[in-house]
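In the working numbering, the protein residues as written are 332 to 450. Positions of the beta carbon are idealized from the N, C-alpha and C atoms, including for glycine.
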Amino acid sequence: PRIATVDCQIAGVNIPKGAHVLVSQYVTHRDPKYFPNPESWQIDRWLDANFENSLPKGAYFPFGGGSRKCLGEYFAIAEARLILLMVAKRFRLDGKFPTAQPRATYRPKGEVKNKVSLR
Numbered sequence: 332p333r334i335a336t337v338d339c340q341i342a343g344v345n346i347p348k349g350a351h352v353l354v355s356q357y358v359t360h361r362d363p364k365y366f367p368n369p370e371s372w373q374i375d376r377w378l379d380a381n382f383e384n385s386l387p388k389g390a391y392f393p394f395g396g397g398s399r400k401c402l403g404e405y406f407a408i409a410e411a412r413l414i415l416l417m418v419a420k421r422f423r424l425d426g427k428f429p430t431a432q433p434r435a436t437y438r439p440k441g442e443v444k445n446k447v448s449l450r
């Protein structure tokens with residue numbers, strides 16, 4: 332969260348000096364104005380190399396933004412790609428994937444029961 336340094340108004344909401352201000356990635360990244368059908372998996376939107384650049388500033392910020400942006404962004408992306416490749420190459424995942432339970436941190440609702448087997 333950030334702390335307001337002056338009294339201000341954002342989108343008609345009064346923010347007093349000293350108030351904690353938090354922008355929710357979960358809510359912002361599901362705005363149908365920028366992400367049509369946000370709850371459906373549409374791989375095409377991620378295949379366009381210019382997708383992120385086509386959005387207004389602040390509409391998509393998986394690693395934060397500004398001076399406090401995550402320093403490990405590029406390392407995290409490379410690591411995630413490598414892990415996904417290794418898991419997809421060596422294992423088969425079966426089962427029902429859990430529904431999301433959005434809170435301060437994103438987590439599954441209830442138990443996760445999946446079967447992992449070698450390919």
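Distance CB(residue i)-CB(residue j) smaller than 8 angstroms
| i | j | result |
| --- | --- | --- |
| L415 | V447 | no |
| Y391 | E404 | no |
| Y365 | Y437 | no |
| R361 | P369 | yes |
Assigned secondary structure, residue i (DSSP; H/G/I helix, E/B strand, else coil)
| i | result |
| --- | --- |
| I346 | strand |
| V295 | Absent from the model: residue 295. The displayed extent of the chain is 332 to 450, so no value can be given. |
| S448 | strand |
| G441 | coil |
| G396 | coil |
| A407 | helix |
| A390 | coil |
| A431 | strand |
| W377 | helix |
| L413 | helix |
| E370 | coil |
| T359 | helix |
Residues that residue i bridges to, as DSSP identifies them
| i | result |
| --- | --- |
| R333 | V352 |
| D425 | K446 |
| Q340 | N345 |
Point to revise | Sufficient close CB pairs (3 or more, under 8 angstroms) joining the segment 393-403 to the segment 417-432 | key: no
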